[in-house]
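> Residue numbers (the numbering used here): 55 to 183.
Virtual Cβ for every residue (Gly too), placed ideally from N, Cα, C.
Since the structure is predicted, the reported quantities are computational estimates derived from the model, not experimental observations.
Here's a structure for you.
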């Protein structure tokens with residue numbers, strides 16, 4: 055069963071790469087750092103306690119409270135299948151939602167999941183206008 059507090063660098067990379075579909079663009083394992091990409095989305099993961107840390111306040115789980123990262127994917131269904139097989143619970147189940155963007159309305163299929171540190175990730179695909 056998936057444990058969101060597992061916290062190791064290898065577990066984070068497994069979550070982002072094997073479950074969500076990111077790839078490692080480059081890494082510095084001796085610093086606990088990895089630069090990931092998925093389509094146009096780019097993330098930097100940094101293991102605390104290795105190399106230089108950017109700690110602005112005491113860290114308490116879940117990290118990133120109040121932050122919601124939106125990541126567009128080409129297809130949600132394969133990601134959902136991998137998360138389900140790994141026993142990862144969704145924070146917000148799959149839904150189709152319409153949002154006003156200026157004078158337009160966009161529709162997207164989306165769900166939210168927390169990463170191993172508790173950051174909220176909203177993955178979405180276009181669902182038409």
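Rounding to the nearest angstrom, what Cα-Cα distance links residue 163 and residue 135 in this structure?
Position 109 of the chain shown holds residue 163. Position 81 of the chain shown holds residue 135. Roughly 15 Å separates the two Cα atoms.
> Note down the Cα distance separating residue 157 from residue 94, rounded to an integer number of angstroms.
In the chain shown, counting from the first residue as 1, residue 157 sits at position 103. In the chain shown, counting from the first residue as 1, residue 94 sits at position 40. Just so you know, the alpha carbons of residue 157 and residue 94 end up roughly 24 Å apart.
> Beta carbon of residue 217, beta carbon of residue 75: below 9 Å?
In the structure displayed, the chain extends from 55 to 183; residue 217 sits before or after that span and is not available.
> Excluding the five sequence neighbours on either side, which residues of its own chain have a C-beta within less than 7 Å of the C-beta of residue 69, listed in chain order?
If you number the chain shown from 1, residue 69 lands on position 15. Correct list, in chain order: 169, 170.
> Quick one: Cα of residue 167 to Cα of residue 66, how far?
To locate residue 167, count along the chain shown from 1; it is residue 113. To locate residue 66, count along the chain shown from 1; it is residue 12. Between residue 167 and residue 66, the C-alpha separation is close to 14 Å.
> Hey, quick one: how far does the alpha helix (DSSP H) through residue 119 stretch, first residue to last?
Here the question's residue 119 lines up with position 65 in the chain shown. Neither: residue 119 is in no alpha helix (DSSP H) and is coded neither H nor E.
> Starting from the Cα of residue 148, find the closest Cα among 172, 72, 130, 71 and give me that residue.
Numbered from its first residue, the chain shown carries residue 148 at position 94. The option with the nearest alpha carbon to residue 148 is 130.
> Quick check on this structure: which residue in 152, 173, 79, 108 has the alpha carbon closest to the alpha carbon of residue 144?
Numbered from 1 along the chain shown, position 90 holds the residue referred to as residue 144. Ranking the options by Cα distance to residue 144, first place goes to 173.
> Pull up the distance between the alpha-carbon of residue 78 and that of residue 181, whole angstroms please.
Here residue 78 is taken as the residue at index 24 of the chain shown, counted from 1. Here residue 181 is taken as the residue at index 127 of the chain shown, counted from 1. If I take the Cα positions, the gap works out to 28 Å.
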